[in-house]
Amino acid sequence: MARVDVVMPQMGESIAEGTLSRWLKKVGDDVKRDEPIFEISTDKVDAEIPSPTSGVIAEIVVGEGVTVAVQTIVARIETEKGVSIAPPPAPSGTAAVSSTLSAASSTPAAAPSAPSSVLRPPSSPAGNGNSFEERIRTRSSPLVRRMAAEHGVEIAALSGSGVAGRVTRKDLVAYLQGGAGASAAAAMPAMPASLPAGLVLSGSAVPASAATAWPGDVVEPMSKIRRLTSEHMAMAIRVAAHVTTFFEIDLTRVARVRARTRAEFEAATGQKLTFLPFIIHAVVATLKRHPIMNAAVNGTDIILRKRYNIGIAVALEPTGLIVPVIKNAEDLSLSGLSKAANDLALRARSKRLNPTEVQDATFSITNPGVFGSLMGTPIIPVGTTAILGLGAIEKRPKVITGRDGEDTIAIRTCAYFSCSFDHRVVDGADADRFMADLRKTLEQIPENGF
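My numbering puts the last residue of the sequence shown at 1590; the count rises by one with no breaks.
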């Protein structure tokens, strides 16, 4: 007889902790190796965690809604039946996540930091720069890293209050106000006067604006993914200087190519051919000619990315949003882009994404047009400088000038595209040139496709 520890997995190099959102098994249940036994939510992704072995759930150590550090024991599995089974402990209450979502994704500052009772894994010997504490401390949230870079603060030198010494925004503000002088603190980004109801900023003592329930109202707590999305969006809107530009794009030529090749394409690849892979292909080609739109900001430096990782926003049911990323999209053909987009969307909706698949986007696309929206002003994911919004694709009457110069009214397939960009580094003229080039690329697509 043997008991096997089940631990909170490290779902990605920068993940310091996770929230056990739901148990799929209870004490006494039989489990098979690789059978999902619980769900977790991290600051990157929701995921089902498989059993490391076959046996019986003998003990549940961490209750639902509790946040613990990676490698913390959450349960124990007895590999043989017929042994005493320990009753599950009373839930210890919800500990909140102290980190924020980065882009992606994607997507989304969080609830109050975890209490001191949160279990932590053993640390490596100090002094070599590779201990758990040292690695996690230097991987604070994107907002904290950006603030530290702007003020020339070395995060690794600070003592943080988060998990394994992770430096939070509150720690950094306290350091700047005390150790770095009031002048540095005055340069910190201002907090918004009012925030969405129920939102508390990570590492901040600023309370959320409160709304009172009236008689007859139904009060529902936010789901884990809704809280993370809310927090990420609030943080993203504070970090970047948002401006949005709109272009109407004639997709008649794309629609014609798609209609002519659709049956053959779907028979050969097994993939549904939508407008999206055409648009992604055109976006990547246009980004190569406008590198500032594929950039990131690090303090006072601009990083021009040479990889084209395209985040695709996916709406989840019944509620939620996640942004899986097509990595190295410049290397993919139209069929490759179609396959990647369909696969990521399917696995996003079934919670089967890996954390690495929602990281490292360099540019994002969101498609509210599938719900009938004509246009919108999307929020730029943290770590990027722009996001493209696709409005509904529909047939419209347009004035067309013929070869003889005479104007006629024709039916064209059109859509409004919006581009939100970070005005700290992208000027309006740059964004408009990018959009004009994208429009030209799509409207002049070769008859045989890309």
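Just so you know, even glycine gets a beta-carbon here, dropped at the ideal spot from N, CA and C.
Since this is a predicted model, take the numbers as computed values, not measurements.
- In the three-state DSSP reduction, LEU1427 falls in the helix class (H, G or I).
- Note that the C-beta distance between SER1504 and GLY1451 is below 7 Å.
- LEU1456: not part of any beta strand (DSSP E); DSSP gives it neither H nor E.
- With a minimum length of 3 residues, the unbroken runs of beta strand (DSSP E) contained wholly in the region 1392-1448 fall at 1435-1438 and 1441-1444.
- In this structure, DSSP gives PRO1355 a state outside helix and strand, which the three-state scheme calls coil.
- With fewer than 16 other beta carbons inside 10 angstroms of its own, ALA1407 counts as exposed.
- LEU1477 is the residue among ILE1442, LYS1446 and LEU1477 whose C-alpha sits nearest the C-alpha of HIS1421.
- In chain order, THR1581 place their CB closer than 7 Å to the CB of ALA1425, counting only its own chain and leaving out the 5 sequence neighbours on each side.
- Contact holds between the region 1159-1170 and the region 1202-1213, because three or more Cβ pairs, one in each stretch, are under 8 Å apart.
- Taken through DSSP and simplified to helix, strand or coil, ALA1350 comes out as coil.
- Straight-line spacing of the CA atoms in ILE1442 and ARG1579 works out to 26 Å.
- Our two residues, ILE1200 and VAL1210, have alpha carbons roughly 16 Å apart in a direct line.
- With a threshold of 16 other beta carbon atoms within 10 Å, GLN1499 meets it and is buried.
- One thing to note: THR1517 has its Cβ within 7 Å of the Cβ of SER1560.
- According to the DSSP secondary-structure assignment, HIS1382 is paired through a beta bridge with ASP1562.
- Restricting attention to beta strand (DSSP E) runs no shorter than 3 residues, the region 1511-1563 encloses them at 1526-1530, 1534-1541 and 1547-1562, ordered along the chain.
- Rounded to whole angstroms, THR1385 and VAL1510 show a C-alpha spacing of 20 Å.
- Taking the CA atoms as reference points, SER1301 sits about 21 Å from MET1148.
- Close CB contacts of ARG1487 within its chain, under the 6 Å cut and outside five residues either way in sequence, are with LEU1493 (chain order).
- Judged by DSSP in its simplified three-state form, SER1370 adopts helix.
- Under the three-pair Cβ rule at 8 Å, the region 1564-1573 does not count as touching the region 1412-1421.
- Beta-bridge pairing by DSSP links PHE1503 to ILE1450.
- Sixteen is the threshold: since fewer than 16 other Cβ atoms of the shown chains lie within 10 Å of the Cβ of ASP1567, the residue is exposed.
- When DSSP states are grouped into helix, strand and coil, SER1478 belongs to the helix group.
- In the three-state scheme derived from DSSP, where H, G and I count as helix and E and B as strand, ARG1306 is classed as coil.
- Taking C-alpha positions only, GLU1587 is separated from LYS1165 by approximately 55 Å.
- The Cβ atoms of LEU1427 and ALA1435 lie no closer than 7 Å to each other.
- The bridge partners DSSP lists for PHE1178 are TRP1163 and ILE1189.
- In the structure shown, the three-state DSSP call for GLY1158 is strand.
- A contact between stretches requires three or more CB pairs, one per stretch, nearer than 8 Å, and the region 1525-1533 meets this requirement with the region 1547-1563.
- Between ALA1198 and ARG1143 a beta carbon distance of about 6 Å is seen, short of the 8 Å cut, so the two are scored as contacting.
- For ASP1577, the enclosing alpha helix (DSSP H) starts and ends at 1568-1583.
- Looking at the DSSP output, ALA1288 sits in no beta bridge, so it has no partner there.
- Using a 10 angstroms sphere on the CB of VAL1196, the tally of other CB atoms reaches 16 or more, which defines it as buried.
- Here DSSP, grouped into helix, strand and coil, assigns ASP1311 to helix.
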